[in-house]
Amino acid sequence: MSDEADEMKEILNDFLTESTEMIDVLDQRFLALEADPNNADLLNEIFRAMHSMKGGAGFLGFNHLVDVTHRGESILNKMRQGEMAVIPSIINVILEAVDVVKAIMHDIRATGTDNNVPTEEMAKKLDDVLAGKFEGTTPAAKPSMAASAPSPAATPIPDPAAPASPHPTIGEILVHDGLASKEQVFDALTEQQKQTEPKQPLGELLIQAKVISERALDQALHKQDKPGKSADEDQTIRVETRRLDSVMNLVGELVLGRNRLIKIGGALDESHESDPQVRALGETLTQLNLVTTDLQLAVMKTRMLPIKKVLAKLPRLVRDLSQKLGKQVRLETHGEETELDKSVADEIGDPLVHLVRNAIDHGIEMPTERHEKNKPVEGLLRIAASQEGNSIVIRIQDDGKGIPIDKVKAKALAKGLVSEAELSAMEPREVVNLIFLPGFSTAEHVTDVSGRGVGMDVVRTNIRKMNGTVEIESEQGKGSLITIKLPLTIAIIQALMVEVERATFAIPLSSVIEAVRITKSDIKTINGREVLHLRDRVLPLLRLAQEFDIPVDPDRDRFNVVVTALGDRRIGVVVDELRSQEEVVIKSIWEYLDSIKGISGATITGDGKVVLILDISELVENAHAWHHAVAA
Amino acid sequence: MIVEEKVEAQQSQGSGVLTREVVAGDDLRQLVTCMIGREEFALDVLSVQEINRMVEITRVPKAPSYVEGVINLRGRIIPVLDLRRRFGLPSVEKSDDSRIMVVLVRQRMVGLIVDEVVEVLRIPKSTIEPPPAFGSSSGAEFTQGIGRIADRLLIVLDLNRLLISNEQAAVDAATGQGAGH
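From first to last, the protein sequence lines stand for chains G and P. Read in order, the letters of the first sequence correspond to residues 1 to 632 in the working numbering. Read in order, the letters of the second sequence correspond to residues 1001 to 1181 in the working numbering.
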């Protein structure tokens, strides 16, 4: 590929990244604006975002995108000059336009052109609003707003020589930065004076006169907003995720190398204890160990994002959905600053959207129903994120009607997911969590039960893929609480190394409760199923060798049982030996092998061997399924 | 080993191998040949990343039977296929001559176990004929063409067909040795 084409591609990528970020911000800002229509700063911010998107689109020749953004910008400009009121009906139209812009961005990303998303209708709608033909578009009687708005591009103070005022004019900034000469600015201002109302902003005139580029104007506008803060901008740089990924991979390699060195060092220490060189090596290794751990943490931090980025799309979703359903829902978010790994952040968005949708659709009641139940008419949906130890915990709570346990029971029975006997032994909390079982709910049955079952198994599968867990608690009539627990990073985990007939496997430590030594005679059978009596609890057992078709030594008498837990279920994994606890870097295995049940990935140990990592959730699931099959 | 050096010399570091055009002499094809059983197979040199001696292979439970396992290739975990089993030939003890050829197929690295690597050679494209309609030899369904030099017959492998689609692999996994409980 030629350099020029590369450059174009880079510019395009930058444009897409920046625009996507801006769109995310736009959604939020519009909702804030709806609540606070007189906030001139907000309006200016939105205007600028729309404006620079238009600029970029124009530069790259995306004419359909320009069609929409240009009109959006014009409406916003009118609003900001006080010529149009900031009212929900108009905001709705602009939000629609933002959706079209999103679709176009998507199109550009996928096809490289913006020709596949119809824009005529949207453009016409926006034109109607502009022409005042839209319902409720009475010109606003808000002169105060027009006056108070900084209205940067139109400030007519033609004294570029004295950039001393706290809010320098756009002309001053351009001259100061050497982007335009005094004369050029003066010419433009003279031109502006000649115009009849509405006058064109100075910046636009300069662009028309080809004095400055749109980019330069944006920069200047930005500076005007934050005088004296330009130095701060250099404190951050934008780095491609791919590069961070490769740094993370290399650090993973380093961690493995360190583990290996420590093993070798340990062995040397035993055989050559008195050698001063070996002692020196030991000290160096300790140092290396510390630095590596710090480096690992530092790199992990570069990949951390505040969860705010993920939560940002929820207000819009809540707004649209509750409007559509005729419900009133207030969204509260807490702990937006909680940071999580980018890979986790990328994956958690969909499950969250799903859960929020469910909560509004099926959890929170209609206003009249809430009124009858003496609840506040406005439903509350609360999303709180926090870091607890090595986990990120997200709680999604609603004050809706909760989940009817009896219906869940009936349904689980009808679907053959549990037996009557098992059901009677279950705590209510366990029963509610049955909704996460695959096959519990299908779309057409949604409303029969509380309706909370739609794709809940998909939600759980996605969360488990990140080595996370999800649980639900519900109190009938009062609402539900869903708790999602995620690891801080999905790349490096603590694992327990176990051995079965000389094959080594890693079990994520997060799912290990304890390990016990047993002999063959401790293993009992109930209904043809092997179990272990452990402190008055019957623990179903799963022999790893059997699960993985590994030929075994029939005379072996001593075993180790690793007690693993997934939510409320426990299962004992029977292995030959416990080896060690190690920090392992999860490596993806080929997709060919991805679908193998019971294995989630692989890692490389200190001695360079490949070890498979067990997927405890799948093993537990399999064991239970098998249990049901036997019981039935 | 000479063969390894030759192969290395043809390769630059890193990826992008698949996209590069065939080196010099448009009429020539450069192949790496190897023995599996009594037949000589050939792979396009551009798809061969490196050739390694046998290393410890970690078995993957429930994987298709021709997947010998996974190996650690300088920190990357790649699957290794046993071409003997892939071609339905009886397994043999790995010898000193056994090699793992690391190839790049559809942007993925895969190791192939062969009995022996023979040489790197250039042959005129015109000497490679389409495969016979009837599979007369092992691995017939993976054959791209038959090359002839003097009295030697080279079976040119189609790597894409060697690594069939996932769906197919899933079917294999279900019907093969890893058939549930």
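Note that beta-carbon positions come from the ideal geometry of N, C-alpha and C, so glycine has one too.
Quick check: is the beta carbon of residue i nearer than 8 Å to any beta carbon in chain G?
{"i": "Glu1068/P", "result": "no"}
{"i": "Lys1094/P", "result": "no"}
{"i": "Leu1162/P", "result": "no"}
What does residue i pair with, by DSSP beta-bridge criteria?
{"i": "Phe505/G", "result": "Val498/G, Leu612/G"}
{"i": "Glu577/G", "result": "Glu499/G"}
{"i": "Met1101/P", "result": "Ile1051/P, Leu1112/P"}
{"i": "Asn622/G", "result": "Paired residue(s): none; Asn622/G is not in a bridge."}
{"i": "Met1035/P", "result": "Glu1040/P, Glu1116/P"}
{"i": "Glu659/G", "result": "Here chain G covers residues 1 to 632 and nothing more, so residue 659/G does not appear."}
{"i": "Met304/G", "result": "Asp341/G"}
{"i": "Gln193/G", "result": "Its beta-bridge partners do not exist; DSSP assigns none."}
{"i": "Gly572/G", "result": "Leu541/G, Val563/G"}
{"i": "Ile463/G", "result": "Beta-bridge pairing links Ile463/G to no other residue."}
{"i": "Ile492/G", "result": "Val585/G"}
{"i": "Glu475/G", "result": "Gly479/G"}
{"i": "Ile617/G", "result": "Per the sequence presented here, residue 617/G reads as Ser, with Ile not at that position. According to DSSP, which records beta bridges pairwise, Ser617/G is partnered with nothing at all."}
{"i": "Leu334/G", "result": "Just to set this straight, residue 334/G is His in the shown sequence, not Leu. Its beta-bridge partners are Ala384/G."}
{"i": "Leu1121/P", "result": "Leu1031/P"}
Say whether chain P places a C-beta atom closer than 8 Å to the C-beta of residue i.
{"i": "Ile604/G", "result": "yes"}
{"i": "Ile596/G", "result": "yes"}
{"i": "Leu615/G", "result": "Just to set this straight, residue 615/G is Asp in the shown sequence, not Leu. No, because no Cβ of chain P sits closer than 8 Å to the Cβ of Asp615/G."}
{"i": "Ser74/G", "result": "no"}
{"i": "Glu621/G", "result": "no"}
Residue i touches chain G at which residues, Cβ-Cβ below 8 Å?
{"i": "Asn1072/P", "result": "Ile604, Gly608, Lys609, Val610"}
Taking only heavy atoms of the ligand ZN into account, decide whether any of them is closer than 7 Å to the Cβ of residue i.
{"i": "Lys409/G", "result": "With respect to the ligand ZN, the structure offers nothing, as it holds no ligand at all."}
Check the Cβ of residue i against every Cβ in chain G and list those closer than 9 Å, keeping chain order.
{"i": "Thr1058/P", "result": "Ala503, Thr504, Ala602, Lys609, Val610, Val611, Leu612"}
Residue i touches chain P at which residues, Cβ-Cβ below 7 Å?
{"i": "Ile589/G", "result": "Val1070, Ile1077"}
{"i": "Glu253/G", "result": "Gly1075"}
Beta-carbon within less than 7 Å of residue i's beta-carbon, same chain only, minus the 5 sequence neighbours each way: which residues are those?
{"i": "Ala123/G", "result": "Asp67, Val68, Arg71"}
{"i": "Val574/G", "result": "Leu541, Leu542, Arg543, Leu544, Phe559, Val561"}
{"i": "Gly1145/P", "result": "Ile1128, Glu1129, Pro1130, Pro1131, Val1156"}
{"i": "Asp615/G", "result": "Gly598, Ile599, Ser600"}
{"i": "Val1118/P", "result": "Thr1033, Cys1034, Met1035, Glu1040"}
Quick one: what's got a C-beta closer than 8 Å to residue i's C-beta in the same chain, skipping five residues either side?
{"i": "Pro554/G", "result": "none"}
{"i": "Leu281/G", "result": "Gly265, Leu268"}
{"i": "Glu365/G", "result": "Lys327, Lys373, Lys375, Gly379, Gly400, Lys401"}
{"i": "Arg243/G", "result": "none"}
{"i": "Val100/G", "result": "Val68, Val117, Thr119, Met122"}
Who are the near neighbours of residue i in its chain, counting only those whose CB is closer than 6 Å to its CB and skipping five residues on each side?
{"i": "Leu174/G", "result": "Ala180, Ala220"}
{"i": "Glu427/G", "result": "none"}
{"i": "Thr605/G", "result": "Val611"}
{"i": "Leu321/G", "result": "Ile360"}
{"i": "Glu337/G", "result": "Pro306"}
{"i": "Lys308/G", "result": "Glu336"}
{"i": "Val211/G", "result": "Ala180, Gln184"}
{"i": "Lys520/G", "result": "Asp557"}
From the beta carbon of residue i, is the nearest beta carbon of chain A less than 8 Å away?
{"i": "Leu290/G", "result": "Absence of chain A from the displayed structure is noted, the protein chains being G and P."}
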